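Student: If you read the sequence shown in numbering that gives the first Met the number 0, its first letter stands for residue 0, the second for the next number, and so on. I'd like to ask you about the structure that follows.
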Amino acid sequence: MRAVGSTGFVRGENFLLLALAAEKFGCRPSAMIRLRDPVVALDFDLAAAARLLERERLALNEWSEETLERPTEIFW
Numbered sequence: 000m001r002a003v004g005s006t007g008f009v010r011g012e013n014f015l016l017l018a019l020a021a022e023k024f025g026c027r028p029s030a031m032i033r034l035r036d037p038v039v040a041l042d043f044d045l046a047a048a049a050r051l052l053e054r055e056r057l058a059l060n061e062w063s064e065e066t067l068e069r070p071t072e073i074f075w
């Protein structure tokens, strides 16, 4: 069951900032907001990881469009 509006939150800037802060401080995003249910916490953490990967891919695409070549050490 998905909470109403959860997709909007995950796509939003606040969620990205939370994911970035958790990464910087070496903790789980679910711990930063004190989620207690382990299933919900895992879902939240996976969504944060996916959001960070999406941001990284977008940055890589912008970079490779500017240089007109894709780095060979990145595989996906």
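Heads up, the beta-carbon is just placed ideally off N, CA and C, and yes, glycines get one too. These numbers come from a predicted model, not from an experiment.
1) In terms of residues, what are the limits of the alpha helix (DSSP H) holding Leu34?
2) Touching or not, the stretch 55-62 and the stretch 32-43, by the rule of three or more beta carbon pairs under 8 angstroms?
3) What is the DSSP secondary structure of Gly7, reduced to helix, strand or coil?
4) Have a look at Ala48 and Arg54 and give me their C-alpha separation to the nearest angstrom.
5) Whose CA, out of Ser29, Phe24, Val38, Leu19, lies closest to the CA of Leu52?
6) Are Val9 and Arg56 close, meaning C-beta to C-beta below 8 angstroms?
Tutor: A quick look at the data gives this:
1) Bounds of any alpha helix (DSSP H) do not take in Leu34, whose DSSP letter is neither H nor E.
2) In short, these stretches do not touch, since the Cβ pair count stays below three.
3) Note: Gly7 maps to helix in three-state DSSP.
4) Here the alpha carbon of Ala48 sits roughly 10 angstroms from the alpha carbon of Arg54.
5) Nearest of Ser29, Phe24, Val38, Leu19 to Leu52, Cα basis: Leu19.
6) With contacts defined as CB atoms closer than 8 angstroms, Val9 and Arg56 fail to qualify as a contacting pair.
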